[in-house]
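Taken in sequence, the protein lines are chains A and B.
For the record, in the first sequence the residue sitting at position 103 is 428 according to our numbering, with numbers rising by one throughout.
For the record, in the second sequence the residue sitting at position 42 is 367 according to our numbering, with numbers rising by one throughout.
In this text, a Cβ means the ideal position worked out from N, Cα and C, and glycines have one as well.
Some notes on the structure that comes next.
2 protein chains.
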Amino acid sequence: MSGLPEQRRARVAKRMWQGQRALVDAFEAMDGSGQFRAHTWERPGGGGGTARVLVGGDVFEKAGVNVSEVTGDAVPEALAGPRPELAGRGFYATGVSMVLHPRNPHVPAFHANFRYFEVDGGEFWWFGGGADMTPAYAYAEDAQHFHSSLRDWCDRHDSAWYARFKNWCDKYFYVTHRGEMRGVGGVFFDDLKLEGEDGWERAFAFVDEGITTLEMAYLPVVARRKAMPWTEAERAWQLHRRSRYAEFNLLYDRGTRFGLETDGNVEAILMSMPPLARWDFDLHPEPGSHEAETLAMLQPREWAS
Amino acid sequence: MSGLPEQRRARVAKRMWQGQRALVDAFEAMDGSGQFRAHTWERPGGGGGTARVLVGGDVFEKAGVNVSEVTGDAVPEALAGPRPELAGRGFYATGVSMVLHPRNPHVPAFHANFRYFEVDGGEFWWFGGGADMTPAYAYAEDAQHFHSSLRDWCDRHDSAWYARFKNWCDKYFYVTHRGEMRGVGGVFFDDLKLEGEDGWERAFAFVDEGITTLEMAYLPVVARRKAMPWTEAERAWQLHRRSRYAEFNLLYDRGTRFGLETDGNVEAILMSMPPLARWDFDLHPEPGSHEAETLAMLQPREWAS
C-alpha cells in the first residue's frame, strides 16, 4: 500500500522541503561566499511557499530554490481545459524548482524542478520534473557528464525513460524563433502516473532519487569550471546568451505563463530570470570560434556516454 | 477620390520610408555621435524591409527604426481568426516602427509605430499606430509635454480621438503581473477605418501627421534630459526598469508575438529589446524616493495640459 492520500502529500512535501535545504547547503558550499536568504510568500487562493535566493555570490551571480505548496477549490483552467474530468475539483500541488546563473561565463546555468499534483484527495495524481543545463560556452565533457548522470538515475527505474525524457526536454526547451535549444538539454517529464498497486511508490521513488541526483549531475561541472579565467568579451557573450534564456522563459515556458496567469508569486516565478542580460543586434560569432561551436551544440544530440 | 488601391499602397509606403529617413536623421542629430546602419531583410512569404539600427551612441545606447512591406496569399490566422471574412484572401501590409533606449537614466525610452493593412487590393483596409514613452525616472513635465503634443495632433483630426486612443494605450501597455503600466503611456489605435468617400484620405492624413508629430513629442524631452548627470545607482535602476520593458514585450506585446509566429524577421522584431537589462529579486524602492515616485506615475493619469 502507498498510504492514505494525506500521507502521500505529506511525504512528497517533506521531500521537497528537504531537497531545498540540502541543495541550498550544497550550493552555498560550492559558492564559498554567498548566502541564501529566505522569502516566504502566501498565495491569495490558498497555500504559499518559500523562495531561498542568493544574490551576488562568488560563483553564483544569482541562484534561487523555491518550494511551494498550493491548494485550491478548482483545478486551474490551464490544466482542466485539456482534461475536463478535472474541472471544478479541489487540488493540491507541491514542487521544488531552482535556477542558478553563475558569474563565470564558462560555468553553465542550471535549472531543475520536481512537482506533484493531486486532485480530490488523490483520485488523480501525477509527478513531473526535469533538469537541464545552459552553457554560454559549451564543453562536450560537461554535457556528457550531466547527461550520463541523468541517464544512470533514469535507468535505475525504467530503461526506456532516459531516451523518452531526454527527447521531451529537447523539444520543450526549444527557442523556436531562434531555431536552437535553450542549452544542452537534460530530461523533462510530466503526467508521470504509474499503474499497479505500487505505482505511486515507484513514481515517488523516481522523483525522490531525482532530487538527490541534481547535485551530482551539476556540481562537478561547476567545480571543474569555476576557477577558469575569463575576459570581458566572454562576459559579454554570456550576457548575450542570457537574452535567449529570458526569451525562452517569457515567450515559451508553460510554467512561467501558468504561474503568472494563476496569480502565483511573481518574484518566486521570475526568480528564474537572469541577473543581467544584453540584447545585441544581429550578432553572429566568427566561424570556428568557441561561441560558434557552442551554437552548434544547441541542437538535439546524444550526450550520455 | 482616394485614388486606386495601388496608388494608396504606394502613397502609404512612401510615407513610411520617408518617415524612417527623417526620424533617423533627427535621432542622429540628437545623438551627435552614433550612426544608424541599414539591415535589409526579406520575408520568405513575400516582401521584406529595412531596419536602421544605431548601437552605442552618446545619447542612444540602442535605437532602431524599421520599415516593412509585406504581402501574402492569405491573411495570417491571428488576424483572420476573429474576422472570418478575411480568411484565405491576399493581403498587403506596411509599417514603420521604432524603439529608442537612451543611455542616460533620466532620458525616457520611446516607442512608436504606424501601420497599414489592406486585403484583396483594397476592399478592406485599416490603419493602426501609436506612440508611448517609458521613463526610468519619470518627470511630470516630460509626460505633460509628450501627451500634450499627441493630444494636439489628435484634436486636429477628431476631438474624441485623444481620450479614446490614450485610454487604449493605458490598457494595451499594461504589465498585468506587475500591476503597472510599461511607462507613462501615450496613444494607441488599431482598426482605424473611416466612413465616407474621403474616409481613406482622412485616415491617411491622420497617420501622415502622426509620423511628423513623433519628433516634436519626444525629442524636446531628450534635449531637456540628456546632459543630466547620473550615478551608478541610477544606472542600476534604469537596467532594473528595463526588465519590465522586456517582460512586456515578450509576455504581452501582440506585435512581437504576431511577428514571431508569422516568421517575421527575428532581429527586426526583437530590435525593441533593451541593450542591457537586469532582474533584481524583490526590489522595492524607498518610500519618497524618485524611484518610488516613478512607480506611482506608472498608473493611468491625465497628463495633457
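Checklist entry - In chain B, which residues lie with their C-beta within 8 angstroms of the C-beta of A:V349? => result Numbered from 1 along the first sequence, position 24 holds the residue referred to as residue 349 of chain A. Taking a Cβ-Cβ cut-off of 8 angstroms, A:V349 has no neighbours in chain B, whose nearest Cβ is about 15 angstroms from it.
Checklist entry - What is the residue span of the alpha helix (DSSP H) that B:F449 lies within? => result For the purposes of this step, residue 449 of chain B is taken as the residue at position 124 of the second sequence. Per DSSP, B:F449 lies in no alpha helix (DSSP H); the unbroken beta strand (DSSP E) holding it starts and ends at 449-459.
Next on the checklist: Less than 6 angstroms between C-beta atoms, sequence neighbours within five positions excluded: which residues of the same chain meet that for A:M326?
Outcome noted: For the purposes of this step, residue 326 of chain A is taken as residue 1 along the first sequence, with counting starting at 1. Bear in mind that the predicted position of A:M326 carries a pLDDT of just 46, short of 50, making it too unreliable to give a figure here.
Next on the checklist: For a quick check, are the C-beta atoms of A:A461 and A:Q563 less than 7 angstroms apart?
Outcome noted: Locating residue 461 of chain A in the first sequence gives position 136, where the first residue counts as 1. Locating residue 563 of chain A in the first sequence gives position 238, where the first residue counts as 1. Cβ atoms of A:A461 and A:Q563: closer than 7 angstroms.
Next on the checklist: Going by the DSSP bridge assignment, what does B:Y417 pair with across the sheet?
Outcome noted: By 1-based counting over the second sequence, the position of residue 417 of chain B is 92. Residue pairing from DSSP places B:Y417 in a beta bridge opposite B:T396, B:E443.
Next on the checklist: Between B:D578 and chain A, is any beta-carbon pair separated by less than 7 angstroms?
Outcome noted: Position 253 of the second sequence holds residue 578 of chain B. Output row for B:D578: interface = no.
Checklist entry - Any contact of the region 605-625 of chain A with the region 502-510 of chain B, i.e. 3+ C-beta pairs under 8 angstroms? => result No, the region 605-625 of chain A does not touch the region 502-510 of chain B.
Item to check | Contact residues within the region 582-609 of chain A, judged by C-beta distance below 7 angstroms to chain B | outcome: Near chain B, meaning a CB-to-CB distance below 7 angstroms, the residues of the region 582-609 of chain A are L585, V591, E592, L595, M596, M598, P599, P600, L601, A602, R603, W604, F606, D607.
Checklist entry - Who are the near neighbours of A:M553 in its chain, counting only those whose CB is closer than 7 angstroms to its CB and skipping five residues on each side? => result In the first sequence, the residue the question calls residue 553 of chain A occupies position 228. Counting only Cβ-Cβ distances below 7 angstroms, and skipping sequence neighbours, we find N429, H431.
Item to check | Beta-bridge partners of A:M596, as assigned by DSSP | outcome: Here residue 596 of chain A is taken as the residue at index 271 of the first sequence, counted from 1. As far as DSSP is concerned, A:M596 takes part in no beta bridge.
Next on the checklist: Can you give me the C-alpha to C-alpha distance between A:A434 and A:R507, rounded to a whole angstrom?
Outcome noted: Numbered from 1 along the first sequence, position 109 holds the residue referred to as residue 434 of chain A. Numbered from 1 along the first sequence, position 182 holds the residue referred to as residue 507 of chain A. Rounded to the nearest angstrom, the two C-alpha atoms are 10 angstroms apart.
Checklist entry - Can you find a CB in chain A that lies within less than 7 angstroms of the CB of B:L623? => result Mapped onto the second sequence, residue 623 of chain B falls at position 298. Using a CB distance cut-off of 7 angstroms, B:L623 does not count as an interface residue toward chain A.
Checklist entry - Hey, out of A:F471, A:L404, A:L475, A:V378, whose CA is closest to A:V444's CA? => result Taking the first sequence and counting its residues from 1, one reaches residue 444 of chain A at position 119. Nearest to A:V444 by C-alpha distance, out of A:F471, A:L404, A:L475, A:V378, is A:L404.
Item to check | Alpha-carbon to alpha-carbon, A:T459 and A:A561 | outcome: For the purposes of this step, residue 561 of chain A is taken as the residue at position 236 of the first sequence. For the purposes of this step, residue 459 of chain A is taken as the residue at position 134 of the first sequence. Using only the alpha carbons, I get a separation of about 16 angstroms.
Checklist entry - Given that a residue counts as buried once 16 or more other Cβ atoms are within 10 Å of its Cβ, and exposed if not, what is B:A558? => result Position 233 of the second sequence, counted from the start, is the residue given in the question as residue 558 of chain B. Residue environment for B:A558: exposed (fewer than 16 other C-beta atoms within 10 angstroms of its C-beta).
Next on the checklist: One question on the structure: do B:V337 and B:T396 come within less than 7 angstroms of each other, judged by their Cβ atoms?
Outcome noted: By one-based count along the second sequence, residue 337 of chain B stands at place 12. By one-based count along the second sequence, residue 396 of chain B stands at place 71. Cβ atoms of B:V337 and B:T396: not closer than 7 angstroms.
Checklist entry - With a cut-off of 7 angstroms, does the C-beta of A:H502 fall near any C-beta of chain B? => result Within the first sequence, residue 502 of chain A is the residue found at index 177, counting from 1. Yes, contact with chain B.
Checklist entry - Cβ of A:A530 within 6 angstroms of any heavy atom in the ligand HEM? => result This structure does not include the ligand HEM; it has no bound ligands of any sort.
Item to check | Any chain B beta carbon closer than 7 angstroms to A:V337 | outcome: Position 12 of the first sequence holds residue 337 of chain A. Cβ-Cβ to chain B under 7 angstroms: no for A:V337.
Checklist entry - Is it buried or exposed for B:D516, if we count other Cβ within 10 angstroms and need 16 for buried? => result Position 191 of the second sequence, counted from the first residue, corresponds to residue 516 of chain B. Exposed, since its Cβ has fewer than 16 Cβ neighbours within 10 Å.
Item to check | Partner residues on chain B for A:S568, Cβ-Cβ distance less than 8 angstroms | outcome: Position 243 of the first sequence, counted from the start, is the residue given in the question as residue 568 of chain A. Taking the beta carbon of A:S568 as reference, the chain B residues within 8 angstroms of it are M598, listed in sequence order.
Next on the checklist: Please report the distance separating the alpha-carbon of A:R603 from that of B:V380.
Outcome noted: On the first sequence, position 278 is the one that residue 603 of chain A refers to. On the second sequence, position 55 is the one that residue 380 of chain B refers to. Rounded to the nearest angstrom, the gap between the Cα atoms of A:R603 and B:V380 is 12 angstroms.
Next on the checklist: So for B:N574, helix, strand or coil by DSSP?
Outcome noted: Taking the second sequence and counting its residues from 1, the one referred to as residue 574 of chain B is at position 249. In the displayed model, B:N574 falls within a helix according to three-state DSSP.
Item to check | Contacts of A:E367 in chain B (Cβ-Cβ under 7 angstroms) | outcome: As a position in the first sequence, residue 367 of chain A is number 42, starting the count at 1. The contacting residues do not exist; A:E367 stays about 14 angstroms from chain B at best.
Checklist entry - Per DSSP, A:E367 is paired with what? => result Taking the first sequence and counting its residues from 1, one reaches residue 367 of chain A at position 42. According to DSSP, which records beta bridges pairwise, A:E367 is partnered with A:G373.
Checklist entry - Does the Cβ-Cβ distance between A:V424 and A:G389 come in under 7 angstroms? => result For the purposes of this step, residue 424 of chain A is identified with residue 99 of the first sequence, where counting begins at 1. For the purposes of this step, residue 389 of chain A is identified with residue 64 of the first sequence, where counting begins at 1. Yes, these two residues count as a Cβ contact at 7 angstroms.
Item to check | Of the residues B:V512, B:Y464, B:G359, B:E627, the one placed nearest B:T538, counting alpha carbons only | outcome: As a working note, residue 538 of chain B is residue 213 in the second sequence. Nearest of B:V512, B:Y464, B:G359, B:E627 to B:T538, Cα basis: B:V512.
Checklist entry - Would you say A:L575 reaches chain B, if we count a Cβ-Cβ gap shorter than 7 angstroms as a contact? => result As a position in the first sequence, residue 575 of chain A is number 250, starting the count at 1. Answer yes: the Cβ-Cβ gap between A:L575 and chain B drops below 7 angstroms somewhere.
Checklist entry - DSSP state of A:A602, grouped into three classes? => result Residue 602 of chain A sits at position 277 when you count from the first residue of the first sequence. If DSSP states are grouped into helix, strand and coil, A:A602 belongs with the strands.
Checklist entry - Touching or not, the region 529-546 of chain A and the region 447-455 of chain A, by the rule of three or more beta carbon pairs under 8 angstroms? => result Yes, since at least three Cβ pairs between the region 529-546 of chain A and the region 447-455 of chain A fall closer than 8 angstroms, the two stretches touch.
Item to check | Alpha-carbon spacing of A:G357 relative to B:D605, whole angstroms | outcome: As a first step, residue 357 of chain A is located in the first sequence; it is residue number 32 there, counting from the start. As a first step, residue 605 of chain B is located in the second sequence; it is residue number 280 there, counting from the start. C-alpha separation (whole angstroms): 21 angstroms.
Checklist entry - How close, in whole Å, do the beta carbons of A:F361 and A:V378 come, if the pair is a contact with beta carbons under 8 angstroms? => result By one-based count along the first sequence, residue 361 of chain A stands at place 36. By one-based count along the first sequence, residue 378 of chain A stands at place 53. Correct: roughly 6 angstroms between the Cβ atoms.
Item to check | Whole runs of the alpha helix (DSSP H) within the region 510-581 of chain B, excluding any shorter than 4 residues | outcome: Taking only runs of at least 4 residues, the alpha helix (DSSP H) segments lying wholly in the region 510-581 of chain B are 524-550, 557-576.
Next on the checklist: For the structure I just gave you, are there three or more beta carbon pairs, one from the region 573-589 of chain A and one from the region 485-495 of chain A, closer than 8 angstroms?
Outcome noted: In this structure the region 573-589 of chain A does not touch the region 485-495 of chain A; the number of beta carbon pairs closer than 8 angstroms is below three.
Item to check | Boundaries (first-last residue) of the alpha helix (DSSP H) holding B:G359 | outcome: Taking the second sequence and counting its residues from 1, one reaches residue 359 of chain B at position 34. Careful: B:G359 lies outside any alpha helix (DSSP H) and carries neither H nor E.
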